[in-house]
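Residue numbers (the numbering used here): 25 to 331. What follows is a short report on a single structure.
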Ligand code: SIN
């Protein structure tokens, strides 16, 4: 193993390595915990929570695509209280950081959830204003700077000492507008990108494959879009930490994200093909940093040399 310091800091939270698992791809960790100790991970971002339990959207709600998947899950989850009572104690057994991802129908709902989660002692709150699969909240907040700022302010006002990270959508003309709005409203970090809206159609039935007609695209196909948007956001709000995600499945992908400006990286869809993907990304990233003679992996952050 190369002698590289893999620890990084994200919004004041120290991660033992920069590889986090992305919300919605790891459940609450129980299934993956059968493969390896969850303390191997830099952090775990739990499945997105809402104030009340949700069953999600009707099936089919997952469809494969070349180099990715479309999902229209619709925030299926047991609700924030069940997470705090049943899932958080499980996650707390492991020496890793716990990130709660929240979606609200109203700014007030974000505030209530932040208060509950801060009281329960999560390490970071990811404020999801970018889910493309729900009618209320979600993208409605993530595509309008003034609403993104309002949700961020409410979250910050109720999160106490717990840092607030705002999850941005790629389904916008200019991600820097939303990044600046969240930063101006006090966000401690940004995470990006959520999924890109997409559609598949069965040419024989002429029906969309997904029952909701459209869904969000993730996986290796979106990596270049994600790297570009991380770079744009990092340039727009210099100094604000970024958790980069979108199609990361190799150490080199993670290095691209960090060079573009991310302090840490989330692995998501790659987990469906290989539960060990985050550990491989971590080890490949360490090897890459070692080959480049870096003492600390954090030296990659923002290191891109644009032409
Ligand atoms: C979903 O549950 O629909 C996915 C969550 C998201 O894209 O934010």
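Glycine residues also receive a C-beta, built at the ideal position from the N, C-alpha and C atoms. Owing to the predicted nature of the structure, the values given are computational and were not obtained by experimental measurement.
- Between the stretch 58-71 and the stretch 206-214 there are fewer than three C-beta pairs closer than 8 Å, too few to call the two in contact.
- Counted as a single uninterrupted DSSP element, the stretch harbouring residue 306 is not any beta strand (DSSP E) but the alpha helix (DSSP H) occupying residues 301-315.
- The count of Cβ pairs closer than 8 Å, one atom from the stretch 194-201 and one from the stretch 216-223, reaches three, so the stretches are in contact.
- About 4 Å separates the CB atoms of residue 260 and residue 200; that is less than 8 Å, so the two are in contact.
- Taking a 10 Å sphere around the C-beta of residue 38, we find fewer than 16 other C-beta atoms and assign the residue as exposed.
- Between residue 124 and residue 149, the gap from beta carbon to beta carbon is short of 8 Å.
- Of the heavy atoms belonging to the ligand SIN, at least one sits nearer than 7 Å to the Cβ of residue 154.
- By the neighbour-count criterion, in which a residue is buried when 16 or more other Cβ atoms sit within 10 angstroms of its Cβ, residue 255 is buried.
- A check of alpha carbon separations from residue 80 across 303, 239, 310 identifies 239 as the nearest.
- Within its own chain, the residues whose Cβ lies closer than 8 Å to the Cβ of residue 48, once the five positions on either side in sequence are excluded, are 71, 72, 95, 97, 125, 292, listed in chain order.
- If you look at residue 89, you'll find it isn't in any alpha helix (DSSP H); it sits in the beta strand (DSSP E) that goes 86-89.
- Under the three-state reduction of DSSP output, residue 277 falls in the helix class.
- Taking the Cβ atoms as the reference, residue 30 lies roughly 11 Å from residue 278, outside the contact range of under 8 Å.
- Here residue 288 carries a strand assignment [DSSP, helix/strand/coil].
- Below 8 Å, enough C-beta pairs join the stretch 109-122 and the stretch 40-56 to call them touching: three or more.
- Residue environment for residue 266: buried (at least 16 other C-beta atoms within 10 angstroms of its C-beta).
- A Cβ-Cβ distance of about 6 Å is found for the pair residue 158 and residue 99, placing them in contact under the 8 Å criterion.
- Per the C-alpha coordinates, the member of 327, 28, 305, 127 positioned closest to residue 101 is 127.
- Assignment of residue 202 by DSSP, reduced to helix, strand and coil, places it in the helix class.
- Linking residue 156 to residue 306 through their CA atoms gives a straight-line distance of about 29 Å.
- Taking 8 Å as the cut-off, the beta carbon of residue 303 is found closer than this to the beta carbon of residue 64.
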